[in-house]
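Asker: Let me begin by handing over the structure; questions about it come next.
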Amino acid sequence: RSFFSAIPAAPADPVFGIALAYKNDPVPEAQKVNLVVGAYRDSAGLPVVLPSVERAARLLSESETSSDGHHEYLPIDGLPAFRQGAAQVMFGDECMSLLAGRLYTTQAISGTGALRVCLDFVRRHLGERTVYYPQQTWPIHPNVCAEAGLPAKAYRYLATTGGTVRLDAEAMLADLTAAPEGSVILLHVCAHNPTGVDPTPAEWERIADVIAERRLLPFFDSAYQGFATGDLARDAHAVRAFARRGLEMFVAQSFAKNMGLYGERVGALHVVSNDPTGLDHMGQQLRRAIRSSYSNPPAYGARLAAAIFQDPALFAQWDEDIKLMSGRIAGLRQSLRSALEARQTPGDWSVITSQIGMFAYLGLSDAQCEVMMSKHHVYMAKNGRISVPGLNETNIAQVADAIHDVVT
Ligand code: PMP
Numbered sequence: 091r092s093f094f095s096a097i098p099a100a101p102a103d104p105v106f107g108i109a110l111a112y113k114n115d116p117v118p119e120a121q122k123v124n125l126v127v128g129a130y131r132d133s134a135g136l137p138v139v140l141p142s143v144e145r146a147a148r149l150l151s152e153s154e155t156s157s158d159g160h161h162e163y164l165p166i167d168g169l170p171a172f173r174q175g176a177a178q179v180m181f182g183d184e185c186m187s188l189l190a191g192r193l194y195t196t197q198a199i200s201g202t203g204a205l206r207v208c209l210d211f212v213r214r215h216l217g218e219r220t221v222y223y224p225q226q227t228w229p230i231h232p233n234v235c236a237e238a239g240l241p242a243k244a245y246r247y248l249a250t251t252g253g254t255v256r257l258d259a260e261a262m263l264a265d266l267t268a269a270p271e272g273s274v275i276l277l278h279v280c281a282h283n284p285t286g287v288d289p290t291p292a293e294w295e296r297i298a299d300v301i302a303e304r305r306l307l308p309f310f311d312s313a314y315q316g317f318a319t320g321d322l323a324r325d326a327h328a329v330r331a332f333a334r335r336g337l338e339m340f341v342a343q344s345f346a347k348n349m350g351l352y353g354e355r356v357g358a359l360h361v362v363s364n365d366p367t368g369l370d371h372m373g374q375q376l377r378r379a380i381r382s383s384y385s386n387p388p389a390y391g392a393r394l395a396a397a398i399f400q401d402p403a404l405f406a407q408w409d410e411d412i413k414l415m416s417g418r419i420a421g422l423r424q425s426l427r428s429a430l431e432a433r434q435t436p437g438d439w440s441v442i443t444s445q446i447g448m449f450a451y452l453g454l455s456d457a458q459c460e461v462m463m464s465k466h467h468v469y470m471a472k473n474g475r476i477s478v479p480g481l482n483e484t485n486i487a488q489v490a491d492a493i494h495d496v497v498t
């Protein structure tokens, strides 16, 4: 007899579950390819510590006698220099002065933690309201809503008819227009995961129009700032455009990818409010919730990020690191496209180079993805998405052969 016998099994995680299947595949390392997790890799397929982060780590270890060298608790809402710098990176100088007194930032357990703490807050203090997420999205989005006890619905995002892959702005706007007032609208800031298709600045204006007219509450998810264009400011365009229009919003910000700090869990939640008292109370309630959840955030990654934010030379190095990563990904896209075109694989593979960010959305079915893995040992998310930096000169032919096989 056990208290726990009635607990149902849970489905495997759509990303980490497949990463595990890759690991457990008994064929030799050289015969299998891991394109599952959205993590940057070097040309040998190995994880990378960014030069800016390496220098920040050296700075921190050299200052062991200063306030950075100990292991004390951070405040409940995190390291002040990190919070300030993270907000600056997201909003830029102009919006920062525009938002004076209307912005609250708390450090968060990376992007996922920011989403969760905020949706818990919404459920508890703003009541049950539906969260709308793009039909193609990071598979964890609906799960976070469910765990926070909020109903969630998809809005249409991608048009896949006619062999092209583009934003279906009309369908998206129609679905947002039909959403009840006060609904939370989840938006990817840039480098949309998994499709690599973002709205244009003009489309963002139309989205903002609907959000303002219909009194919807935008929730931006920023996991790939810098990966869309290589430029932090340009990639933050949507958030800044909304802020300039005076819209209230939430922003979940992750430094997992753009600083390569995945496991350090470095992120922030930003809240923009037009009611200073409401904002103040929200900060108090968030801190109260955090205190009873994980008490205070991890310190080391935030110190690394803050060191980069505060030192102009380190910041310039970070900027360069981001350009290098996004540039190398663009090169890999071209190589994969060329490999498929050389094989005359049926399909329009120009989408691989027109999409941006970390992923290529190949439009493969669940069954085709299954064959990619079971027959070809090429592991990928089942929504038809591959993580482009997992490609390299040694595996690109195997990947192209596998795609060719499953689509013909
Ligand atoms: N949002 C999106 C769209 C993502 O792709 C990711 C990372 N895969 C996250 C949020 C959160 O990542 P993390 O919690 O590691 O910052």
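Residue numbers (this note's numbering): 91 to 498. Where a beta carbon is used, it is the ideal one built from N, C-alpha and C, also for glycine. Since the structure is predicted, the reported quantities are computational estimates derived from the model, not experimental observations.
(1) Note down the Cα distance separating phenylalanine 309 from methionine 339, rounded to an integer number of angstroms.
(2) Report the option in Arg246, Gln315, Ala102 whose CA atom is closest to the CA atom of alanine 177.
(3) Starting from the Cα of leucine 132, find the closest Cα among Asn485, Pro104, Gly168 and give me that residue.
(4) What does the Cβ neighbour count give for glutamate 303, buried or exposed, with the cut at 16 atoms within 10 Å?
(5) With 16 as the cutoff for other CB atoms within 10 Å, does asparagine 114 come out buried or exposed?
(6) Within this structure, are the beta carbons of alanine 342 and leucine 359 separated by less than 8 Å?
(7) Note down, in chain order, each residue of its chain lying with its Cβ closer than 8 Å to the Cβ of isoleucine 97, except the 5 sequence neighbours on either side.
(8) What residue does the beta strand (DSSP E) around tyrosine 314 start on, and which one ends it?
(9) Reducing DSSP to helix, strand and coil, say where serine 344 ends up.
(10) Could you pull out every residue in the same chain whose Cβ sits closer than 7 Å to the Cβ of isoleucine 230, ignoring the five residues on either side in sequence?
(11) List the endpoints of the continuous beta strand (DSSP E) containing isoleucine 476.
(12) Locate the beta strand (DSSP E) running through valine 123, then write down its first and last residues.
(13) Between glycine 168 and ligand 1, is the CB less than 7 Å from at least one heavy atom?
(14) In terms of residues, what are the limits of the beta strand (DSSP E) holding phenylalanine 405?
(15) Tell me which same chain residues have a C-beta within less than 7 Å of the C-beta of tyrosine 112, skipping the five on either side of it?
(16) Does DSSP put lysine 113 in a helix, a strand or coil?
(17) Contact between the region 264-278 and the region 456-470: three or more CB pairs below 8 Å?
(18) Return yes when at least one heavy atom of ligand 1 lies under 7 Å from the C-beta of histidine 278, else no.
(19) Given this structure, state the Cα-to-Cα distance separating proline 436 from glycine 447, to the nearest angstrom.
(20) When the Cα atoms are used, what is the spatial distance from tryptophan 439 to proline 387?
(21) Is it a yes or a no for the region 285-294 touching the region 247-265, going by three-plus beta-carbon pairs under 8 Å?
(22) Does any heavy atom of ligand 1 sit closer than 7 Å to the C-beta of alanine 346?
(23) Just to check my reading of the structure: threonine 267 and valine 221 have Cβ atoms closer than 8 Å, yes? What is that Cβ distance to the nearest angstrom?
(24) Take alanine 333 as the anchor and find which of Pro104, Met186, Phe106, Arg393 has the nearest alpha-carbon.
(25) Please report the straight-line C-alpha distance between glutamine 197 and alanine 471, rounded to a whole angstrom.
(26) Could you give the DSSP three-state label for threonine 498: helix, strand or coil?
(27) Could you give the first and the last residue of the continuous beta strand (DSSP E) run that contains isoleucine 199?
(28) Which partner residues does phenylalanine 449 have in the DSSP bridge list?
(29) Please classify glycine 421: is it buried, with 16 or more other beta-carbons within 10 angstroms of its beta-carbon, or exposed?
(30) State the DSSP-derived secondary structure class of alanine 292, mapped to helix, strand or coil.
(31) Under the criterion of a Cβ to heavy atom distance below 7 Å, does glycine 75 qualify as lining ligand 1?
(32) May I ask you to list the residues that DSSP assigns as paired with isoleucine 275?
(33) With a cut-off of 8 Å on the beta carbons, I'd call isoleucine 412 and alanine 146 a contact; round off their distance for me.
(34) So who's on the other strand from tyrosine 245, going by DSSP bridges?
(35) Using C-beta distances below 8 Å, list every residue in its chain close to arginine 335, excluding the 5 sequence neighbours before and after it, in chain order.
Answerer: Once the coordinates are examined:
(1) Our two residues, phenylalanine 309 and methionine 339, have alpha carbons roughly 6 Å apart in a direct line.
(2) Distances from the CA of alanine 177 to each of Arg246, Gln315, Ala102 were compared; the closest alpha carbon is that of Gln315.
(3) The sequence given here places aspartate at residue 132; leucine does not occur at that position. Per the Cα distances, Asn485.
(4) Per the 10 Å Cβ criterion, exposed.
(5) So asparagine 114 counts as exposed.
(6) Their beta carbons are under 8 Å apart, which means alanine 342 touches leucine 359 by this criterion.
(7) A distance below 8 Å between beta-carbons, with the five flanking residues on each side excluded, links isoleucine 97 to no residue of its chain.
(8) Looking at the DSSP string, tyrosine 314 is not in any beta strand (DSSP E), and its letter there is neither H nor E.
(9) In the structure shown, the three-state DSSP call for serine 344 is strand.
(10) If we look at isoleucine 230 and ignore the five residues flanking it on each side, its Cβ neighbours are Thr202.
(11) Start and end: 475-477.
(12) Where valine 123 is concerned, the enclosing beta strand (DSSP E) stretches over 123-125.
(13) Glycine 168: no, Cβ never under 7 Å from ligand 1.
(14) Phenylalanine 405: not part of any beta strand (DSSP E); member of the alpha helix (DSSP H) spanning 402-432, first to last residue.
(15) Take tyrosine 112, set aside five residues on each side of it, and the residues of its chain with a beta-carbon closer than 7 Å to its own are Lys122, Asn124, Val126, Tyr469, in chain order.
(16) In the structure shown, lysine 113 adopts helical secondary structure according to DSSP, grouped into three states.
(17) No, they do not touch.
(18) Yes - ligand 1 has a heavy atom lying nearer than 7 Å to the Cβ of histidine 278.
(19) Approximately 24 Å, taken between the alpha carbons.
(20) Taking the CA atoms as reference points, tryptophan 439 sits about 43 Å from proline 387.
(21) By the criterion of at least three beta-carbon pairs nearer than 8 Å, the region 285-294 is in contact with the region 247-265.
(22) For alanine 346, the shortest C-beta to heavy atom distance toward ligand 1 is below 7 Å.
(23) Under the criterion of beta carbons closer than 8 Å, threonine 267 and valine 221 do not qualify as touching, at roughly 17 Å.
(24) The shortest C-alpha separation from alanine 333 is found at Met186.
(25) Rounded to whole angstroms, the gap between the alpha carbons of glutamine 197 and alanine 471 is 29 Å.
(26) Reduced to three states, the DSSP call for threonine 498 is coil.
(27) Here the beta strand (DSSP E) through isoleucine 199 covers 193-199.
(28) Answer by DSSP bridge pairing, in chain order: Ser477.
(29) The Cβ neighbour count for glycine 421, taken over all protein chains shown within 10 Å, is under 16; the residue is labelled exposed.
(30) Correct three-state label for alanine 292: helix.
(31) Shown here, the chain extends from 91 to 498; a query on residue 75 therefore has no answer.
(32) The secondary-structure analysis by DSSP pairs isoleucine 275 across a beta bridge with Tyr222, Pro308.
(33) Taking a contact as a CB-CB distance under 8 Å, the pair isoleucine 412 and alanine 146 does not count as one, their CB atoms being some 15 Å apart.
(34) Bridge partners of tyrosine 245: Pro224.
(35) Closer than 8 Å at the Cβ level, and outside the excluded window around arginine 335, lie Ala298, Ala302.
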